[in-house]
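Single-structure report; data block below.
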Amino acid sequence: MRNLRRFFSRWQNWLGLLLVLSFALVAILAPLISPADPKSPGPFQRYPGFRITDRAPKSPDLAPPLGTLPGNLNVFHALVWGTRDALLFGLQVSLSTAIFGVLFGAGAAYTGGWINSFLMRIADAFLSFPTIAGIVLVNQLWLSVITNAGGVLYQGEWLTEPDQSARFVIWLIEHIDPLLLTLILFSWMPYARITNIIVTTLKETEFIQAARALGTSPARIIFRHLIPNAISPAFVLAARDVGGMVILQATFTFIGLGGTSIWGTMLVNGRDWVIGPDGGILRYWWVFLPATLTLVLFGIGWNLLGDGLSELFDPRSAQ
Amino acid sequence: MPPFFQFLIRRFLAIPISLLVITLIIYGGVVLVTPPDVRASIYMPETNAHLTEEQIQRQINLVIERYHLNEPFPVQYVYWVASLLRGDWGYSPSLNGNVLPALLQRTPATAELALYSALLFIPLGLLAGVMAGWHQRGILDGLFRSLAFFSTSMPTFILALILISFFYIGLGWFAPERISLSFSIHLTPENFTSYTGMYTIDGLLNGRLDLVADAFRHLAMPVFTLSLYHWATLGRIARAAMIAERRRDYIIAARARGIRENSLIWRHAFYNMIAPSFTSLVLSAASLVTGVFVVEIIFRYNGVSDIIVRSMQGIPDAAAALGFTIYSVIVVLLLMFGLDVLQAIFDPRVRDEVLRS
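Residue numbers (the numbering used here), protein chains in the order written: chain S, 672 to 990; chain E, 276 to 632.
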């Protein structure tokens, strides 16, 4: 309780919580805030009333509320639906990595002995694997999986044979995001390491020894006693990761190494208009500022929340 | 043998072991999802466009037989590693050449970028951390903390986008890519000897100061982008380490003896906070390397990342992807080794810990 009161006594924590909650709200209420247009589905909605050949971005006066990107794509609509997309992506990645990493670390520590050293050796090996190499490799493997299933890549579009395999190929393309897979595969190690260290020391404490002496099953000890006592650093890491992973996704989308970040795509789309044809950096501000600010605020929000959580769980770090 | 050399050897031997684990995982992944005739593309020689489908199929079969791609995993793995050790990293269709020479040829460019940003962010990060930590809650500390907060929350690609718009398109001071076309088309082996492959150093050695200036003009933006984030992170950690160090008894004792403040900071506290500041750098070595490649791609700086940009353009290119992966893992491992050694120089406890385990 005292910790909670301290948590709410700092404005940084309030700000973090507020930002995260408002992003969550926007994500949940996206269909109400910016209704989808059946004529132009998806996050990139064509703004009605402009000629298709007229590609220059329109200012917020001409196309409320936030103007359009080059190609008459509604900025506000993309921002709102991008929030849902980003939040989903960040939560997916950080929850999967957290769960896998905590289980891996706790399991290894509980088993102990050479198995523990071996498993942590593997975690360390993964630690020396740069994400960018991971995405290149996973993308290449994914390419060959789809090709095997019968997909054919033709000028950047996947084509399928009209037979049984088509359904599987389409399922693969629609449901598996290589970047998501890569980030899950290559970012669970911090969770495993920190849980491993805590569980290793916790294992020798009296209450665990007592539980073991009572004949409690290993699974029960791990899930009932060890993990609840070792999970708080994982929560902190996960909170910070949500923001970090979304920014990483946008980065990879921006440099064209896969990823489907909507905010990232918005910035790719508007990159030539940061300085417009007539000079002046703020002349076409709506092309890049909204997306930039949203992305930065998203990262800041989760980071502040992570800092706040770490104080909440470990009051000594506050000082 | 002095313990430091023991540590050096022990630590160095850890590299091949990690490499073994990683290559096992990578090849395991490859075997898991690809059938033998796709896997054969790792070893395929340069393909001749005039070959018929039959001839290509015959070539694939030859490769499968030669590298035992139909046999159990351990056998295949050994053949693969053997070919890697021979320096035979495969032919990449998107690069139109062998992978290993392509990687090595582009290494100096990446090294140049990484070197200059390390030279920039490590001293400045330590300096900022020391000053902010020593004067905790002072004006300097507040300034540093807000600047660090800004730098870490700014995604690199957006910073790069803004820098390019401002300093390249707007003002024209700096430029992306590695060197201006007007220089690169005049560089021939006759008038320019390449000693290191780094334009800034080679330019000096060849007495071409205009070339050095041009190279720096192109390095400025990527180096700044790369350094800013790491400067802030290192500074934050150094600050925390300094705050912990400042309260130690030996500092209080030294101050009681009347030692001057400057000497207290730089001769007493500084050496003790270097090792803890580097700990997190070791752990984030992989993301340091990722950062270098990302910045290269954004600024179209033609370093090693050029290979992945080309290999991601839709043509299946397993050789380049695998080659790049192993190359970057080796780079990370060497970086971790170097940082560990640096840490051990300043803190003998790090050395003892490795020797004990």
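Idealized CB from N, CA, C, for every residue including glycine.
No experiment lies behind these values; they were computed from the predicted model shown.
The bridge partners DSSP lists for L830/S are V823/S. Here S367/E carries a strand assignment [DSSP, helix/strand/coil]. For N787/S, the enclosing alpha helix (DSSP H) stretches over residues G784 to L798. Between F491/E and the set I518/E, Y504/E and S455/E, the nearest pair of CA atoms involves S455/E.
Counting only the Cα atoms, I869/S lies some 40 angstroms from S815/S. Sequence-distant Cβ neighbours of Y443/E in its own chain, meaning closer than 7 angstroms and more than five residues away, are F449, A450 and P451. Per DSSP, reduced to three states, the secondary structure at G417/E is helical. For A594/E, the number of other beta carbons within 10 angstroms of its own is at least 16, and it is reported as buried.
Put simply, the CB of G445/E is near chain S, with a gap under 7 angstroms to one of its CB atoms.
Apart from sequence neighbours up to five positions away, the residues of its chain that approach A837/S with a beta-carbon distance below 8 angstroms are G821 and T831, ordered along the chain. In the structure shown, the three-state DSSP call for D622/E is coil.
Judged by their CB atoms, S293/E and A796/S are nearer to each other than the 7 angstroms cut-off. Contact with chain S is found for M587/E, since one of that chain's Cβ atoms lies less than 7 angstroms from the residue's Cβ. The segment 765–785 of chain S and the segment 897–909 of chain S touch, with no fewer than 3 CB-CB distances between them shorter than 8 angstroms.
Around the beta carbon of M276/E, a 10 Å sphere encloses fewer than 16 other beta carbons of the protein chains shown; the residue is thus reported as exposed.
As computed with DSSP, S459/E is found in no beta bridge at all. For H505/E, the enclosing alpha helix (DSSP H) starts and ends at L484 to R521. By the rule that beta-carbons nearer than 7 angstroms mark a contact, I868/S does not touch chain E. Q811/S is classed as buried because its beta carbon has at least 16 other beta carbons within 10 Å across all chains shown.
CA-to-CA, the gap between S981/S and L688/S works out to about 14 angstroms.
Interface with chain E (7 angstroms Cβ-Cβ cutoff): Q763/S is excluded.
Put simply, the CB of F599/E is near chain S, with a gap under 7 angstroms to one of its CB atoms. The beta-carbon of G772/S is placed no less than 7 angstroms from the nearest beta-carbon of chain E.
Interface residue (Cβ-Cβ distance to chain S less than 7 angstroms): S603/E is classified as such. In this structure, the alpha-carbon of L919/S lies about 19 angstroms from that of V607/E. Judged by beta-carbon spacing, I518/E lies within the 7 angstroms limit of Q411/E, meaning their Cβ atoms are closer than that value. Rounded to the nearest angstrom, the gap between the Cα atoms of L692/S and L503/E is 30 angstroms. Contact between A507/E and A561/E is absent: CB atoms are separated by about 19 angstroms, not below the 8 angstroms threshold.
By the Cβ test, the segment 385–393 of chain E is in contact with the segment 565–578 of chain E, since at least three Cβ pairs between them sit closer than 8 angstroms. Note that the C-beta distance between F959/S and V945/S is below 7 angstroms. What G304/E touches in chain S, judged by beta-carbon distance under 7 angstroms, is L812, going in chain order.
If you draw a straight line from the Cα of P731/S to the Cα of L953/S, it comes to about 13 angstroms.
Contact of L375/E with chain S is not assigned, every C-beta pair being separated by 7 angstroms or more.
Taking a contact as a CB-CB distance under 8 angstroms, the pair I572/E and I926/S counts as one, their CB atoms being some 4 angstroms apart.
When only Cα atoms are considered, R361/E and V374/E end up about 13 angstroms apart.
Here DSSP, grouped into helix, strand and coil, assigns T327/E to coil.
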